[in-house]
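The numbering of the sequence shown is UniProt numbering, which starts it at 1 and goes up by one.
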Amino acid sequence: MDIWQFVADYNIDLPSIYYAHRRQVFRRDNMWMAVSPFLQPEEGETVSEELVRFRTVGDATCTAAIESSAVSINQVIAETSVARITERGATRADDRISEAGMEDRKRTGYF
């Protein structure tokens, strides 16, 4: 929460991906994954256009969006202050692959 307040206090411009926008997404492991050249829905996964934002930005193949209507920094702060799941807790697909998903990527040279 501190970083969002810092952004608000200093009126820092952020990329629009951090704010709610309409995007083509599909559900995988109960997460909204964005359709991209790097990530396509598998058989049985339906694409829909949803109002989402990204709480954290990372690799499109392992970073999910959340449903959101927050289009300003103050709305993001309000939304985050009542969230029951951590910023990364609901959006890291690596954590759904295995408990050590992120560590496995590190070992293979991802970072």
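We put the CB at the ideal spot given by N, CA and C, even for glycine. Here the structure is a predicted model, which means the values were calculated and not measured.
Option nearest residue i by Cα separation, candidates the options
{"i": "ALA65", "options": "ILE77, ILE73 and ALA34", "result": "ALA34"}
{"i": "SER16", "options": "ARG107, LEU51, SER81 and ALA78", "result": "LEU51"}
{"i": "GLY44", "options": "ALA8, ASP29, ASN11 and VAL57", "result": "ASP29"}
{"i": "ASP9", "options": "VAL47, ASP59, SER36 and ASN74", "result": "ASN74"}
{"i": "LEU14", "options": "SER36, SER72 and GLN40", "result": "SER72"}
{"i": "GLN5", "options": "ASP59, SER81 and SER69", "result": "SER81"}
{"i": "ASP59", "options": "ALA70, THR108, SER36 and VAL47", "result": "SER36"}
CB of residue i within 8 Å of CB of residue j, strictly
{"i": "PHE38", "j": "THR61", "result": "yes"}
{"i": "HIS21", "j": "ARG55", "result": "no"}
{"i": "residue 158", "j": "GLU79", "result": "The structure shown does not extend to residue 158, since the chain spans only 1 to 111, so no value can be given for it."}
{"i": "residue 136", "j": "VAL76", "result": "Residue numbering for the chain in the displayed model covers 1 to 111; residue 136 lies beyond these limits and cannot be assessed."}
Cβ separation of residue i and residue j, assumed to be a contact under 8 Å, to the nearest whole Å
{"i": "GLN24", "j": "GLU49", "result": "6 Å"}
Closer than 8 Å to chain C by CB, residue i
{"i": "PHE6", "result": "Among the chains in the structure shown there is no chain C, since it carries only a single protein chain."}
With 16 other Cβ atoms within 10 Å as the buried cut-off, status of residue i
{"i": "THR63", "result": "buried"}
Problem set entry | beta strand (DSSP E) runs wholly inside the stretch 12 to 95, at least 3 long, in chain order | 21 to 28, 31 to 34 and 48 to 53
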